[in-house]
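Residue numbers (my numbering): 1 to 623.
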């Protein structure tokens, strides 16, 4: 149901009047004038002269006018002259063997003339006017035209035409449990009314991008089997003041008329941001937010209207929007754990043809930290890889390769490294892996490769945890920093020089070391004092220091000291195991890829007779 706005009658009637006046002028003055200009008027003697000269092709006789045509090549000209009382007129025409008759060409019927002169031009004018109006309104952000002002433009899915149920959503059991209560209320409201309980008016879904917030909202509508209104927060933002508030009023009016139903507002942070202290001006966004707050207070929750909203920036929302009575329930939709990732992979794997021996557990382990959307992309990439290889189903290798594609990008086949660069990258990656393997409380090495990727990486070392870990000790974090520095340490040890290949390692190590000191309280000097504030935790986290300049200087010194200590530890580990470093680097140089099993097998075998002072050039010349 839409709000019936009053039509601006005066402008429309004025437009119609202008069109009619223009058509009258065209039909009375311009059209006859143009038609008349195409006929030349001559004297009767000129007509006789043309007739004697056999130039006339066709003659039409009227009561007092003679019309005749003369062809000159492809051009035809019509002439007219006054008719006189000539007894030999017909005889002359017959002797000249021209086509002639009493009437000029047939006149059009009055109906056809009326259609061509009035109806069709009016229709063309109206069509052009309407089209121009739509183009102008769309250019100004007004939607479908002038008549759409104040309409919510919400997409309505009646009776769950989307077909999405809770079975299509995996890995978010806690969120589904909280939303199941809303579905149960929409199905059986009487049991809640008997005890006097009222259903929450609104539920806010918060979490990182790609975790399935929008999918969960559609699944709620699918399970409840009620109308589902879906609209994005950006659709409330208008150029004209008051239009956003009008859209909010229209949305809730439609929802009340179709109750019970579900209203879903995606990316609500667009209109629900915290209001600042500036009371001057006429902020359209604030008016829209105020109208939303008013509407959520005004509607009766007992009718079965449930408001769902999704955002990945909950810290930016206005506190008035989050208080009880508006969005009563905050439902976190976090990144899935190991079990959740496995279930999500199985759900998406049902959509493709896949081998029976695929171990989803191992794939879930390797895809640690991936969101639901990324896992869906991994399964799809596996299917695409199978098609490229002319196979009818996806295999375990396809799934593992697709993880690498999502993490590091596609293999860059046209980038060919020189022998020297390839050797440096080999030692660099083995440095990472060897330091990780020689430390306790470190994730096992899963794969090492020196094949360049489209992300810019010339190689990478993949570590996969055996299980799910939610806490990390100080020793584990220090070991990770040492692993990050292992690549640069290998370059220093073997080549006595450094390259730009460790830029990402440096960034990661510095970020981790700073977090240990400023956020995790893992330094003796600062104890358990927070030195850093983190905002937008679901969007990567924006950190800002909250301490004096003197303390910031001390923090920088501690970060440098921590990274240097672990760098020295990594260098010592590699120096103590330089034989294995040479052996593994040689194998990686030759094969370009080492699996975790191959790495551990080489590492565990007794070291062959290799001189401790062997130079990398020996490996290079062995090629």
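Idealized CB from N, CA, C, for every residue including glycine.
Nearest CA to the CA of residue i: which residue from the options?
i: residue 462; options: 495, 400, 511, 476; result: 400
i: residue 81; options: 68, 122, 295, 75; result: 68
i: residue 76; options: 482, 286, 59; result: 59
i: residue 325; options: 447, 199, 553; result: 199
i: residue 243; options: 218, 287, 211; result: 287
i: residue 508; options: 186, 317, 478; result: 478
i: residue 518; options: 499, 502, 506, 555; result: 555
i: residue 214; options: 48, 252, 197, 168; result: 168
i: residue 631; options: 342, 308, 339; result: Because the chain in this structure spans residues 1 to 623, residue 631 falls outside the shown range and cannot be described.
i: residue 337; options: 260, 468, 543; result: 468
i: residue 364; options: 266, 422, 465, 390; result: 465
i: residue 539; options: 194, 343, 314; result: 314
i: residue 630; options: 310, 177, 303; result: The structure shown has nothing for residue 630, since the chain only spans 1 to 623.
i: residue 435; options: 416, 476, 471; result: 476
i: residue 362; options: 258, 389, 390, 398; result: 398
i: residue 339; options: 48, 545, 170; result: 170
i: residue 120; options: 186, 20, 181, 195; result: 20
i: residue 569; options: 516, 482, 256, 187; result: 482
i: residue 22; options: 49, 378, 122, 71; result: 122
i: residue 595; options: 166, 429, 516, 578; result: 429
i: residue 580; options: 606, 228, 528, 565; result: 606
i: residue 70; options: 39, 89, 86; result: 39
i: residue 252; options: 285, 234, 294, 266; result: 294
I want to see whether chain C comes within less than 9 Å of residue i, judged by CB atoms only; does it?
i: residue 332; result: Any reference to chain C falls outside this structure, which holds one protein chain only.
Between the C-alpha atoms of residue i and residue j, what's the straight-line distance to the nearest angstrom?
i: residue 603; j: residue 526; result: 40 Å
i: residue 504; j: residue 510; result: 10 Å
i: residue 42; j: residue 79; result: 7 Å
i: residue 357; j: residue 494; result: 42 Å
i: residue 359; j: residue 588; result: 26 Å
i: residue 523; j: residue 550; result: 16 Å
i: residue 268; j: residue 172; result: 21 Å
i: residue 184; j: residue 425; result: 58 Å
i: residue 560; j: residue 506; result: 11 Å
i: residue 403; j: residue 521; result: 34 Å
i: residue 318; j: residue 534; result: 18 Å
i: residue 490; j: residue 431; result: 5 Å
i: residue 193; j: residue 303; result: 12 Å
i: residue 418; j: residue 484; result: 24 Å
i: residue 488; j: residue 496; result: 10 Å
i: residue 276; j: residue 254; result: 31 Å
i: residue 382; j: residue 221; result: 31 Å
i: residue 226; j: residue 306; result: 11 Å
i: residue 447; j: residue 593; result: 7 Å
i: residue 104; j: residue 53; result: Interpretation of residue 104 is limited by its pLDDT of 46, a score under 50 that renders its predicted location unreliable; the figure taken from the coordinates is listed afterwards. Going from the Cα of residue 104 to the Cα of residue 53 covers about 23 Å.
i: residue 547; j: residue 558; result: 15 Å
i: residue 312; j: residue 272; result: 12 Å
i: residue 583; j: residue 422; result: 15 Å
i: residue 632; j: residue 537; result: No information on residue 632 is available, as it lies outside the stretch 1 to 623 that the chain covers here.
i: residue 182; j: residue 259; result: 14 Å
i: residue 598; j: residue 577; result: 17 Å
i: residue 130; j: residue 266; result: 32 Å
i: residue 624; j: residue 380; result: The structure shown does not extend to residue 624, since the chain is modelled only from 1 to 623, so the question has no answer here.
Assuming contact is defined by CB atoms lying nearer than 9 Å, are residue i and residue j in contact in what I supplied?
i: residue 247; j: residue 236; result: yes
i: residue 367; j: residue 384; result: no
i: residue 212; j: residue 459; result: no
i: residue 375; j: residue 341; result: yes
i: residue 51; j: residue 92; result: yes
i: residue 98; j: residue 45; result: no
i: residue 230; j: residue 217; result: yes
i: residue 513; j: residue 563; result: yes
i: residue 445; j: residue 600; result: yes
i: residue 178; j: residue 203; result: yes
i: residue 515; j: residue 532; result: yes
i: residue 224; j: residue 164; result: no
i: residue 234; j: residue 274; result: no
i: residue 228; j: residue 195; result: no
At least three beta-carbon pairs within less than 8 Å, the region 447-454 to the region 401-414: yes
Beta strand (DSSP E) segments (min. 3 residues) lying fully within the region 556-605: 593-595
Touching by the beta-carbon criterion (3+ pairs, under 8 Å), the region 422-439 and the region 569-577: At 8 Å Cβ cutoff, the stretches touch.
Validate contact between the region 323-341 and the region 188-208 using beta carbons, cut 8 Å, 3 pairs: yes
Segment contact flag, the region 382-396 with the region 337-356, C-beta cutoff 8 Å, min 3 pairs: yes
Minimum length 4: unbroken alpha helix (DSSP H) runs contained in the region 516-554: none
Entirely enclosed beta strand (DSSP E) segments - the region 299-372, minimum 3 residues: 305-311, 329-332
Runs of beta strand (DSSP E) lying entirely within the region 420-449, each at least 3 residues, in chain order: 445-449
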